[in-house]
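Quick notes on the structure that follows.
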Amino acid sequence: MLDPRGIYEVDEDAVARLLPERADGPVGPVMLHAVRGFVDAGSAGELAVGHLLTELEVTRLVTFDVDQLLDYRSKRATMTFRSDRWVAYDRPVLAIDHLRDAEGTGFLLLHGAEPDLQWERVVAAVRELVERFGVSLTVGFHGIPMGVPHTRPSSVTAHATRAELIEEHTSWFGTVEVPASLSALLELRLGQAGHDAAGYTVHVPHYLAQTAFPRAALVALDHVQRLTGLALATADLERSAQETLVEVERQVEESEEVAAVVHALEEQYDAFARSVGRTSLLAESAPIPTADELGAEFERFLAQQSGE
88 MLDPRGIYEV DEDAVARLLP ERADGPVGPV MLHAVRGFVD AGSAGELAVG
138 HLLTELEVTR LVTFDVDQLL DYRSKRATMT FRSDRWVAYD RPVLAIDHLR
188 DAEGTGFLLL HGAEPDLQWE RVVAAVRELV ERFGVSLTVG FHGIPMGVPH
238 TRPSSVTAHA TRAELIEEHT SWFGTVEVPA SLSALLELRL GQAGHDAAGY
288 TVHVPHYLAQ TAFPRAALVA LDHVQRLTGL ALATADLERS AQETLVEVER
338 QVEESEEVAA VVHALEEQYD AFARSVGRTS LLAESAPIPT ADELGAEFER
388 FLAQQSGE
């Protein structure tokens with residue numbers, strides 16, 4: 088493997104200012120991550136990242152050399168043509184930013200385009216930075232499509248390098264084999280190196296998987312807040328989520344076919360909930376009896392992605 092330090096640049100002045108070294112060894116910052124390129128139903132990760140970058144104070148710390156990491160022909164950027172000339176290029180970015188939450192607590196955010204190439208080198212580079220910056224916990228998030236209705240509470244699949252990090256959650260799956268992602272590999276490698284890492288995969292109604300669904304982003308950030316103690320200023324995201332639900336309800340009411348699908352999913356969801364004596368699949372006190380069915384659906388979906 089080539090030297091990981093050859094694919095990123097660090098703004099040393101910004102690091103010295105925002106992540107000063109301390110002799111007493113304080114608990115280091117949390118690092119969140121969500122990169123575009125793998126499954127992200129409802130644009131859960133993308134919307135969450137956009138919210139954080141818009142609402143909070145942001146300083147760029149690390150910039151990766153995407154020219155070494157992306158296959159531009161399979162993941163084309165966009166350009167703007169005006170009248171008779173090219174006027175803009177939306178340059179792909181992979182970076183780590185420093186943000187301050189609503190209470191002034193600093194944390195890191197790895198975001199941008201998922202690399203097509205050199206995954207192990209990228210993960211090794213991120214691990215180096217995790218160790219250099221003293222990151223105490225790394226947390227990822229994204230969405231996957233599920234056969235669940237939008238009229239019921241959104242659930243998640245939680246995973247981590249230590250069971251204690253997600254002990255309030257019940258596993259939805261047994262053992263499944265799925266296509267890899269950079270985020271999943273990062274969590275695996277960090278755990279193997281003795282670093283704490285976790286992730287939340289939000290279950291998005293499959294009929295909304297291809298559209299922006301702010302509630303999925305809100306659920307992801309709510310779980311991140313509970314795990315990390317960060318205050319991520321989600322009020323605007325809550326409003327967007329409510330407005331989107333109103334619009335979804337309007338469209339469902341206008342289509343008998345869609346309404347029938349939603350009703351069938353509601354009955355299935357409620358039957359599952361009744362079978363374990365609770366009213367929400369978010370309650371984590373007992374195992375979900377449909378893990379095999381949900382796992383099979385997840386496997387089928389990801390198999391389709393890998394065949395593209």
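Each residue of the sequence shown is one higher than the last, beginning at 88 in my numbering. Think of the CB as a built atom: it goes at the ideal place given N, C-alpha and C, for glycine as much as any other residue.
Where does residue i land, buried or exposed, given buried means 16+ other C-beta within 10 angstroms?
{"i": "residue 208", "result": "buried"}
{"i": "residue 158", "result": "exposed"}
{"i": "residue 334", "result": "exposed"}
{"i": "residue 286", "result": "buried"}
{"i": "residue 122", "result": "buried"}
{"i": "residue 288", "result": "buried"}
{"i": "residue 244", "result": "buried"}
{"i": "residue 127", "result": "buried"}
{"i": "residue 315", "result": "buried"}
{"i": "residue 115", "result": "buried"}
{"i": "residue 351", "result": "exposed"}
{"i": "residue 197", "result": "buried"}
{"i": "residue 336", "result": "exposed"}
{"i": "residue 358", "result": "exposed"}
{"i": "residue 325", "result": "exposed"}
{"i": "residue 171", "result": "exposed"}
{"i": "residue 119", "result": "buried"}
{"i": "residue 176", "result": "exposed"}
{"i": "residue 107", "result": "exposed"}
{"i": "residue 189", "result": "exposed"}
{"i": "residue 341", "result": "exposed"}
{"i": "residue 255", "result": "exposed"}
{"i": "residue 201", "result": "buried"}
{"i": "residue 104", "result": "exposed"}
{"i": "residue 92", "result": "exposed"}
Establish whether the CB of residue i and some CB of chain D are separated by less than 8 Å.
{"i": "residue 176", "result": "Protein chains in the displayed structure number just one, and chain D is not present."}
Would you call the CB atoms of residue i and residue j closer than 8 Å?
{"i": "residue 274", "j": "residue 227", "result": "yes"}
{"i": "residue 321", "j": "residue 302", "result": "no"}
{"i": "residue 156", "j": "residue 94", "result": "yes"}
{"i": "residue 132", "j": "residue 230", "result": "yes"}
{"i": "residue 223", "j": "residue 102", "result": "no"}
{"i": "residue 149", "j": "residue 97", "result": "yes"}
{"i": "residue 165", "j": "residue 174", "result": "no"}
{"i": "residue 276", "j": "residue 217", "result": "no"}
{"i": "residue 284", "j": "residue 257", "result": "no"}
{"i": "residue 317", "j": "residue 192", "result": "yes"}
{"i": "residue 339", "j": "residue 328", "result": "no"}
{"i": "residue 267", "j": "residue 214", "result": "no"}
{"i": "residue 220", "j": "residue 181", "result": "no"}
{"i": "residue 282", "j": "residue 233", "result": "no"}
{"i": "residue 99", "j": "residue 323", "result": "no"}
{"i": "residue 147", "j": "residue 203", "result": "no"}
{"i": "residue 206", "j": "residue 272", "result": "yes"}
Give me the Cβ distance between residue i and residue j, rounded to the nearest whole Å; I'm assuming they're in contact under 8 Å.
{"i": "residue 139", "j": "residue 186", "result": "6 Å"}
{"i": "residue 125", "j": "residue 242", "result": "Not really, about 20 Å apart at Cβ, beyond 8 Å."}
{"i": "residue 311", "j": "residue 319", "result": "7 Å"}
{"i": "residue 296", "j": "residue 129", "result": "6 Å"}
{"i": "residue 135", "j": "residue 307", "result": "5 Å"}
{"i": "residue 290", "j": "residue 235", "result": "5 Å"}
{"i": "residue 354", "j": "residue 239", "result": "That belief does not hold up - the Cβ atoms of residue 354 and residue 239 are roughly 11 Å apart, past 8 Å."}
Just grab the DSSP bridge partners of residue i for me.
{"i": "residue 184", "result": "147 and 196"}
{"i": "residue 175", "result": "167"}
* Asked: At which residue ranges does the region 94–164 contain complete alpha helix (DSSP H) runs of 4 or more residues, listed in the order of the chain?
  -> Unbroken alpha helix (DSSP H) stretches of 4 residues or longer found wholly inside the region 94–164: 99–105 and 131–142, given in chain order.
* Every unbroken alpha helix (DSSP H) inside the region 259–339 [4 residues or more] -> Fully enclosed alpha helix (DSSP H) runs of 4 or longer: 269–279 and 301–315.
* To do: For the region 206–254, list the alpha helix (DSSP H) runs that are entirely contained and at least 4 residues long, ordered along the chain.
  => Counting only runs of 4 or more residues that sit fully inside the region 206–254, the alpha helix (DSSP H) segments are 206–220, in chain order.
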